[in-house]
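Read in the UniProt record's numbering, the sequence shown has 127 at position 127, and its numbers run on one by one without any break.
Notes to accompany the following structure.
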Amino acid sequence: LAHRSVGYSSQLSMIFSKIRRLLATAYSPKYLLFTNVCTTSTLLCTADVVQQSINKEKHPEIDWTQAQRMMCVGPFYGLMSHNWYKYLEGIKFIGTPWQIVGKKIFWDTLATPLFSAVVIIGVGWQEGGHSFAALVKAVSEYWHKLWAILLLDCSLWPPAQVFNFAYVPPHLRVLYCNFVTLLYNIGLSWIKHNHVIKDIE
Numbered sequence: 001l002a003h004r005s006v007g008y009s010s011q012l013s014m015i016f017s018k019i020r021r022l023l024a025t026a027y028s029p030k031y032l033l034f035t036n037v038c039t040t041s042t043l044l045c046t047a048d049v050v051q052q053s054i055n056k057e058k059h060p061e062i063d064w065t066q067a068q069r070m071m072c073v074g075p076f077y078g079l080m081s082h083n084w085y086k087y088l089e090g091i092k093f094i095g096t097p098w099q100i101v102g103k104k105i106f107w108d109t110l111a112t113p114l115f116s117a118v119v120i121i122g123v124g125w126q127e128g129g130h131s132f133a134a135l136v137k138a139v140s141e142y143w144h145k146l147w148a149i150l151l152l153d154c155s156l157w158p159p160a161q162v163f164n165f166a167y168v169p170p171h172l173r174v175l176y177c178n179f180v181t182l183l184y185n186i187g188l189s190w191i192k193h194n195h196v197i198k199d200i201e
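What follows is the structure in structure tokens.
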């Protein structure tokens, strides 16, 4: 039994070692953009599936086409996130550590509506068959739902970003934000697919 226990322990150690090496490679500067885009796309899809699972009354079965549309905006969302946090890290803010955190949160909060616009408009454009008319309708939908989106933004992102900028290493910030975004995108998916605006129907 002792020999078998040592064997299991050795196997687990090897598995965790391989996982650490894989993560180190994935989040290295060489592959960071690719990793951020892939995780963002996956989490957008996951968030929509979770939202549909919660909303069983409207979605007795998972609409995989809807989830796929959410995933398709992931590369744009991930590319924006990657470059936005890289840009913020490059700015030399002046002040105490907490003042610097506050300034970063201020600018990040201002930018948040641009990220939600990618999701609402991108998914709406796909729903309408990629036409110009569908794009116009998607933009109109975004403006009609903006207050609900801003309420979601302001209630979640500022406290999450306090922790992010104060404690999370720069190369892991998009990963951290992706998991916060999983929660955020559940709400955003609900606003997109359930928050009906009659004016644009």
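We treat Cβ as the ideally placed atom computed from N, Cα and C, and that holds for glycine.
All figures in this text were calculated on a predicted structure; none of them were measured in a lab.
Here the segment 131–143 does not lie against the segment 50–57, with fewer than 3 beta-carbon pairs under 8 Å apart.
Straight-line measurement puts the Cα of E141 at about 13 Å from the Cα of Q126. Nearest to S28 by alpha-carbon distance, out of H171, Y184, N178 and W190, is H171.
In the three-state scheme derived from DSSP, where H, G and I count as helix and E and B as strand, S140 is classed as helix. Secondary structure note for K104: its alpha helix (DSSP H) is the uninterrupted segment P97 to E127.
The Cβ neighbour count for I105, taken over all protein chains shown within 10 Å, is at least 16; the residue is labelled buried. Going by C-alpha positions, S116 is about 41 Å away from M14. Contact between the segment 35–44 and the segment 162–179 is present, with at least three C-beta pairs closer than 8 Å.
Taking one beta carbon from each stretch, the segment 147–162 and the segment 184–192 have 3 or more pairs nearer than 8 Å; the two touch. Counting only residues of its own chain and dropping the five nearest sequence neighbours on each side, I120 has a CB closer than 8 Å to the CB of A138, E141, Y142, K145, I149, L188, I191 and K192. L44 sits close to M71, with the two beta carbons spaced by under 7 Å. Looking only at R69, N164, G90 and G129, the smallest Cα-Cα distance to T109 is reached by N164.
The Cβ atoms of V118 and F76 sit closer than 7 Å to each other.
Only exposed fits W98, as fewer than 16 other CB atoms lie within 10 angstroms of its CB.
Burial is judged here by how many other beta carbons sit within 10 angstroms of a residue's own beta carbon; T65 has fewer than 16 and is exposed.
The continuous alpha helix (DSSP H) containing I191 extends over residues R173 to N194. W147 counts as exposed, since fewer than 16 other C-beta atoms from the protein chains shown sit within 10 angstroms of its C-beta. Check the Cα spacing between G102 and each of T25, K18, V168 and V162: the tightest is with V162.
In the three-state scheme derived from DSSP, where H, G and I count as helix and E and B as strand, Y87 is classed as helix.
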